[in-house]
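What follows is a short report on a single structure.
Numbering (our numbering), first residue to last: 1 to 280.
Below is the structure:
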């Protein structure tokens, strides 16, 4: 079976300091969750996300599930009460250069969602989180569920509010079938190596099957959820600049998301995820 070990936030920092310089790649899928950052695997050399995202085709949206606006819970990824399920952990992949976020006191906040919300920050968002069909690929890999999308949306906005950024309307979080198709392509690789095919547009599969689908910020690993990938993308400065865009207007902004569960010889707990900031 492919390895299902993952990366810690400490290991993430090391790889993401290197990756943006070689084309916007992020940590690999088989990183160990350890405090010793000297034992990480080499980063993947992959192409930038920017060019391919601009031309990304469609964002498929199914029916919606009503979400009542309520105060954001920002203590931990697992504390976001989207459904009765518990949420887990992830890995990621990168993009542009970030700008330090200045909060109320004038200090730079690069921390996680647990930071206290500054006085006078934007209120919680309203709207409805769109659902996802939970399709299964031709190779038997499970796709994005409504719970995946909801957990990602709630944690994403909890993080924005904790850092005094205006939250995105929940109706602007969309399931993206095109990014999901690329995640399926990676997950269906016959290689026993989980890193095979992992990467932005330009990565290849061991069996030579051409890439399909659309690119995005990537994350993955064993026992991960929409909420944990949202946190890890924030924790990476390059991902934060691409997916959260501190200082940018949210007018007309939509956040596209997709996730796959398992692979040809991986358990369903092994997750791959993709997300991008786009225009509604």
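Note that the Cβ used here is the ideal one computed from N, Cα and C, for glycine as well.
Next item on the list: List the residues that DSSP assigns as beta-bridge partners of residue 271.
Entry: Checking the DSSP bridge columns, you'll see residue 271 partnered with 221 and 261.
Checklist line | Secondary structure of residue 249, DSSP reduced to three states | finding: Coil, per DSSP.
Next item on the list: With DSSP as the reference, please indicate the residues paired to residue 280 in a beta bridge.
Entry: Residue pairing by DSSP places residue 280 opposite no residue, since no beta bridge is assigned to it.
Margin query: I'd like the list of long-range same chain contacts for residue 134, defined as Cβ closer than 8 Å, with 5 residues on each side in sequence excluded.
Written below: The residues 142, 143, 144, 145 and 146, in chain order, have a CB closer than 8 Å to that of residue 134 in the same chain once the five nearest residues on each side in sequence are set aside.
Notebook entry, point to check: Out of curiosity, what's the CA-to-CA distance linking residue 279 and residue 121?
Noted result: Those two C-alpha atoms are separated by around 24 Å.
Next item on the list: In angstroms with no decimal places, state the Cα-to-Cα distance between residue 185 and residue 214.
Entry: Taking the straight line joining both Cα atoms gives about 11 Å.
Note to self: Among 127, 276 and 139, whose alpha-carbon lies nearest the alpha-carbon of residue 254?
What the structure shows: Nearest to residue 254 by alpha-carbon distance, out of 127, 276 and 139, is 276.
Check: Would the beta-carbon of residue 258 fall within 7 Å of that of residue 174?
Finding: No, they are not a contact pair.
Next item on the list: Compute the Euclidean distance between the alpha carbons of residue 229 and residue 273, then round it to the nearest angstrom.
Entry: Residue 229 and residue 273: Cα-Cα distance of roughly 7 Å.
Check: Alpha carbon to alpha carbon, how far is residue 187 from residue 125?
Finding: Between residue 187 and residue 125, the C-alpha separation is close to 34 Å.
Note to self: Please report the distance separating the alpha-carbon of residue 290 from that of residue 236.
What the structure shows: Outside the shown range of the chain (1 to 280) lies residue 290, about which nothing can therefore be said.
Check: Should residue 194 go down as buried or exposed, given a rule of 16 or more other Cβ atoms within 10 Å for buried?
Finding: The C-beta of residue 194 has 16 or more other C-beta atoms within 10 Å across all chains shown, which makes the residue buried.
Check: To which residues does DSSP link residue 256 through a beta bridge?
Finding: Bridge partners of residue 256 according to DSSP: 174 and 276.
Checklist line | Neighbour-count burial assignment, residue 202, 16 or more Cβ in a 10 Å radius | finding: Residue 202 is exposed by the Cβ-count criterion.
Next item on the list: Could you name the residues of the same chain whose beta carbon sits closer than 6 Å to that of residue 156, not counting the 5 residues immediately before and after it, in chain order?
Entry: The residues are 230.
Check: Does DSSP put residue 17 in a helix, in a strand, or in coil?
Finding: Because the pLDDT of residue 17 is 25, which lies under 50, any placement of that residue in the model is unreliable, and the question is left without a value.
Item checked: CA-to-CA distance, residue 219 to residue 171, given in whole angstroms -> Spanning the two alpha carbons is a distance of roughly 23 Å.
Notebook entry, point to check: Based on the DSSP secondary-structure assignment, which residues constitute the bridge partners of residue 142?
Noted result: Residue 142 is bridged to 136 and 261.
Check: Is residue 242 near the ligand NAD, going by C-beta to nearest heavy atom under 6 Å?
Finding: Ligands in the displayed structure: none, and consequently the ligand NAD is not present.
Checklist line | residue 206, DSSP secondary structure in three states | finding: The three-state reading of DSSP puts residue 206 in coil, since its state is none of H, G, I, E or B.
Check: Should residue 54 go down as buried or exposed, given a rule of 16 or more other Cβ atoms within 10 Å for buried?
Finding: The pLDDT assigned to residue 54 is 36, lower than 50, so where the model puts this residue is not dependable; a value taken from the coordinates is nonetheless given after this. So residue 54 ends up on the exposed side.
Checklist line | Neighbourhood of residue 169 by C-beta distance below 8 Å, restricted to the same chain and skipping five residues each side | finding: A distance below 8 Å between beta-carbons, with the five flanking residues on each side excluded, links residue 169 to the following residues of its chain, in chain order: 125, 126 and 127.
Item checked: Per-residue burial, residue 176 [other beta carbons within 10 Å of its own, 16 or more giving buried] -> Per the 10 Å Cβ criterion, buried.
Checklist line | Buried versus exposed call for residue 204 [16 or more other C-beta atoms within 10 Å across all chains shown] | finding: Counting Cβ neighbours within 10 Å, residue 204 comes out exposed, since fewer than 16 surround it.
Check: residue 207: buried (16+ other C-beta within 10 angstroms of its C-beta) or exposed?
Finding: With fewer than 16 other Cβ atoms inside 10 Å of its own Cβ, residue 207 counts as exposed.
Margin query: Less than 7 Å between the C-beta atoms of residue 269 and residue 222, yes or no?
Written below: Taking 7 Å as the cut-off, the beta carbon of residue 269 is found closer than this to the beta carbon of residue 222.
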